[in-house]
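Report on the following structure.
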Ligand SMILES: NC(=O)c1ccc[n+]([C@@H]2O[C@H](COP(=O)([O-])OP(=O)(O)OC[C@H]3O[C@@H](n4cnc5c(N)ncnc54)[C@H](O)[C@@H]3O)[C@@H](O)[C@H]2O)c1
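Below is the structure:
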């Protein structure tokens with residue numbers, strides 16, 4: 003495959019690019035390397051990808067139509083994996099325009115290129131947050147998702163609708179992947195596991211929302227990468243899949259596992275749930291299992307020590 007991969011400097015993009023390169027595929031990475039979180043993590047990921055001759059990288063915004071288009075057209079991808087986005091739920095309360103620019107305008111720019119070049123498959127990142135306040139668990143793809151509760155979720159839902167429309171109008175093969183709380187080595191500093199580890203090791207209190215009663219379906223990065231690679235190589239029309247572990251975990255249990263792995267007792271500050279946050283996420287992964295052979299295997303008990311090992315080496 004010749005994969006045009008947006009978000010290659012990001013957490014999931016980096017791991018997916020690495021797996022593709024190790025399998026002998028060619029990857030063109032495109033990423034703004036923005037400072038939503040410390041770009042040193044992104045530079046570090048990119049330096050590992052540059053070890054491969056089959057990796058090319060261009061720093062640029064999705065909103066920069068000319069640069070995006072020139073990079074894309076020169077490369078002539080057989081597959082497009084669109085992972086670049088403004089992520090995060092809480093940040094969208096204060097920076098709404100960043101979400102419209104990256105996730106709506108940026109998505110439109112990439113799907114227009116796809117429309118005119120017709121690669122074998124266009125795969126893009128959606129999110130478990132599209133399920134909003136749905137109360138039927140586990141979440142499955144046939145549920146109604148017309149009630150997002152954050153702008154972030156609304157932009158991801160918009161992406162699914164645009165992809166579906168372009169599939170209908172122009173016959174573009176496309177698959178959206180709804181990721182569920184992905185964690186692991188090289189993880190994102192704005193996500194709970196990383197933030198908690200960072201504060202706990204500095205002896206600072208950790209902020210625990212919803213008094214620790216938040217439920218998340220934590221999914222280890224290697225399982226996600228397997229799901230993404232399988233989705234890429236199964237061109238389909240207008241599909242959306244949950245990629246989660248398929249297991250509910252209480253936030254306070256995750257913290258207990260992290261305390262054990264770090265050998266630290268956390269100082270805890272319990273807080274109410276934040277606006278835009280979903281209380282519970284839990285994936286029904288049967289569709290991905292059946293169609294893509296997706297088989298997540300890593301439990302939180304196994305994944306947290308892997309994350310901690312990387313964190314301690316990296317810092
Ligand atoms: N990590 C998770 O738990 C999770 C869960 C659900 C969905 N997702 C989605 O998966 C995708 C990858 O997430 P991630 O965790 O790797 O996030 P990340 O923030 O680490 O990676 C996203 C990358 O996109 C780049 N980017 C952002 N806006 C851009 C723009 N306008 N132009 C060019 N590049 C831009 C950033 O520089 C960053 O490197 C995103 O679409 C995210 O919304 C992630």
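Numbering (the numbering used here), first residue to last: 3 to 317. Quick reminder that beta carbons are idealized off the backbone N, C-alpha and C, glycines included.
Touch test, the region 124-131 against the region 171-182, Cβ-Cβ under 8 Å, three pairs minimum: yes
Check: residue 9 C-beta below 7 Å from any heavy atom of ligand 1: Translated into positions along the chain shown, residue 9 becomes position 7. Yes, since a heavy atom of ligand 1 falls inside the 7 Å radius drawn around the Cβ of residue 9.
Proximity below 8 Å, CB of residue 196 to CB of residue 245: Residue 196 sits at position 194 when you count from the first residue of the chain shown. Residue 245 sits at position 243 when you count from the first residue of the chain shown. Against a cut-off of 8 Å, the Cβ pair of residue 245 and residue 196 comes out as no contact.
Whole-Å CB distance - residue 131 paired with residue 91, under 8 Å assumed: Numbered from its first residue, the chain shown carries residue 131 at position 129. Numbered from its first residue, the chain shown carries residue 91 at position 89. Yes, residue 131 and residue 91 are in contact; Cβ-Cβ is about 6 Å, under 8 Å.
Residue 191 versus residue 41 - alpha carbon distance: As a position in the chain shown, residue 191 is number 189, starting the count at 1. As a position in the chain shown, residue 41 is number 39, starting the count at 1. Their Cα atoms are separated by approximately 10 Å.
Rounded separation between residue 77 and residue 30 - CA only: Against the chain shown, residue 77 aligns to sequence position 75. Against the chain shown, residue 30 aligns to sequence position 28. Straight-line Cα distance between these residues: approximately 7 Å.
Buried/exposed call for residue 299, threshold 16 Cβ in 10 Å: On the chain shown, position 297 is the one that residue 299 refers to. When all chains shown are included, residue 299 counts as exposed.
Residue closest to residue 313, alpha-carbon to alpha-carbon, out of 294, 188, 220, 227: Here the question's residue 313 lines up with position 311 in the chain shown. Looking at the Cα atoms, 188 is the closest of the given residues.
Beta strand (DSSP E) segment containing residue 123, residue limits: Taking the chain shown and counting its residues from 1, one reaches residue 123 at position 121. Looking at the DSSP string, the run of the beta strand (DSSP E) that includes residue 123 is 123-129.
Residue 84 - partner residues in DSSP beta bridges: Mapped onto the chain shown, residue 84 falls at position 82. Paired residues: 8, 126.
Nearest candidate by alpha-carbon position, reference residue 55, set 256, 241, 22: Locating residue 55 in the chain shown gives position 53, where the first residue counts as 1. Nearest of 256, 241, 22 to residue 55, Cα basis: 22.
Residue 275 versus residue 290: straight-line alpha-carbon distance, rounded: Locating residue 275 in the chain shown gives position 273, where the first residue counts as 1. Locating residue 290 in the chain shown gives position 288, where the first residue counts as 1. Residue 275 and residue 290: Cα-Cα distance of roughly 31 Å.
Endpoints, the alpha helix (DSSP H) within which residue 186 is located: Translated into the one-based positions of the chain shown, residue 186 becomes position 184. Run containing residue 186: none; DSSP gives neither H nor E here.
From 284, 199, 206, residue whose alpha carbon lies closest to that of residue 216: Translated into the one-based positions of the chain shown, residue 216 becomes position 214. Closest by alpha carbon: 284.
Same chain only: Cβ atoms within 8 Å of residue 164, ignoring 5 sequence neighbours per side: As a working note, residue 164 is residue 162 in the chain shown. Cβ within range, chain order: 109, 110, 113.
Whether residue 185 touches residue 153 by CB criterion (8 Å): In the chain shown, residue 185 corresponds to position 183, counting from 1. In the chain shown, residue 153 corresponds to position 151, counting from 1. Taking 8 Å as the Cβ cut-off, residue 185 and residue 153 do not qualify as a contacting pair.
Ligand 1 heavy atom lying under 7 Å from the CB of residue 306: Here residue 306 corresponds to residue number 304 of the chain shown, with the count starting at 1. No; taking the cut-off as 7 Å, the Cβ of residue 306 has no heavy atom of ligand 1 nearer than that.
DSSP state of residue 270 mapped onto helix, strand, coil: Here residue 270 corresponds to residue number 268 of the chain shown, with the count starting at 1. It is a strand residue.
CB of residue 168 within 8 Å of CB of residue 88, strictly: The residue you call residue 168 lines up with position 166 of the chain shown. The residue you call residue 88 lines up with position 86 of the chain shown. No, the pair does not count as a contact, with Cβ atoms beyond the cut-off.
Residue 72 to residue 158 span [Cα, whole Å]: Residue 72 sits at position 70 when you count from the first residue of the chain shown. Residue 158 sits at position 156 when you count from the first residue of the chain shown. Whole-angstrom Cα-Cα distance: 26 Å.
Residue 184 beta carbon near ligand 1 (any heavy atom closer than 7 Å): Taking the first residue of the chain shown as 1, we reach residue 184 at position 182. Checking every heavy atom of ligand 1 against the Cβ of residue 184, one is found closer than 7 Å.
Whole-angstrom distance between residue 137 and residue 49, CA atom to CA atom: Taking the chain shown and counting its residues from 1, the one referred to as residue 49 is at position 47. Taking the chain shown and counting its residues from 1, the one referred to as residue 137 is at position 135. Roughly 43 Å between the two C-alpha positions.
Residue from 12, 13, 32 with nearest C-alpha to residue 5: The residue you call residue 5 lines up with position 3 of the chain shown. Per the Cα distances, 32.
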